[in-house]
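Residue numbering for the sequence shown follows our numbering, starting at 3 and increasing by one per position. For every residue, glycine included, the Cβ atom is placed at its ideal position computed from N, Cα and C. All values reported here derive from a predicted model rather than from experimental measurement.
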Amino acid sequence: MIARTLLAFTAVAALALPAVAQTTAPSATDAVQPATARAQSPEEQARLQALGETYHRAPDAAQTPEELQATMRLNAEITARNDAAAKQESADQAAYAQAQAEYEASVERGRAERLNYEEGVRASEAAQRQYEADKARWEQRVRDCNAGVRAACLQPGEAY
Numbered sequence: 003m004i005a006r007t008l009l010a011f012t013a014v015a016a017l018a019l020p021a022v023a024q025t026t027a028p029s030a031t032d033a034v035q036p037a038t039a040r041a042q043s044p045e046e047q048a049r050l051q052a053l054g055e056t057y058h059r060a061p062d063a064a065q066t067p068e069e070l071q072a073t074m075r076l077n078a079e080i081t082a083r084n085d086a087a088a089k090q091e092s093a094d095q096a097a098y099a100q101a102q103a104e105y106e107a108s109v110e111r112g113r114a115e116r117l118n119y120e121e122g123v124r125a126s127e128a129a130q131r132q133y134e135a136d137k138a139r140w141e142q143r144v145r146d147c148n149a150g151v152r153a154a155c156l157q158p159g160e161a162y
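Structure, rendered in structure tokens:
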């Protein structure tokens, strides 16, 4: 079973090897050219077309004044949208930071309230223990007094 799996894997790898060898790694020249790029050489255009690229930027001299104006207008619109998006993102980040600060303050208030509550519970439990101890001593004095121990019948601090 293992031998068959290994054999199948080897066959698939052998078939895929030529395709992998023909694949070229992207180079730095494949990057998008800036808007002010110069006209491409015919060799560069052929290479890009071979890669499936169909767009190429025409030099400014090859464009009509109307095309240049339309391009400038579109670029201005894109710049305005980008600026508006940047402002919105900045406002969103500020709102997020504000909400985060409010949340952290709320968490801190909750933690302080929990600590105060726990302190109150500890104080209440201590008072309950003290009450139970005082009551147990009083009940013992009552039993002693009923049993005839006269000193137990006196209030604390009283003498005969």
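For residue i, the first and last residue of its enclosing alpha helix (DSSP H)
| i | result |
| --- | --- |
| V2 | Missing from the structure shown is residue 2; the chain here goes from 3 to 162 and no further. |
| E55 | Element bounds for E55: n/a, residue is neither H nor E. |
| A153 | 152–155 |
CB-CB length for residue i against residue j, believed under 8 Å
| i | j | result |
| --- | --- | --- |
| A154 | C147 | 4 Å |
| L70 | D62 | 7 Å |
Residue i, buried or exposed, once every other Cβ within 10 Å from all chains shown has been counted against 16
| i | result |
| --- | --- |
| A37 | Unreliable placement is indicated for A37, whose pLDDT of 47 sits below 50; the coordinate value is still reported in the next sentence. Label assigned to A37: exposed. |
| A101 | exposed |
Rounded C-alpha distance that separates residue i from residue j
| i | j | result |
| --- | --- | --- |
| Q95 | A103 | 12 Å |
| Q90 | A128 | 56 Å |
| A48 | R59 | 14 Å |
| S43 | D85 | 34 Å |
| Y98 | R111 | 20 Å |
| A87 | E68 | 28 Å |
| Y133 | A149 | 24 Å |
| T81 | A64 | 24 Å |
| Q130 | R116 | 21 Å |
| E121 | A114 | 10 Å |
Option in the options with minimal Cα separation from residue i
| i | options | result |
| --- | --- | --- |
| A157 | A149, G150, W140 | Note that residue 157 is Gln in the sequence shown, not Ala. Among A149, G150, W140, the Cα nearest to that of Q157 belongs to W140. |
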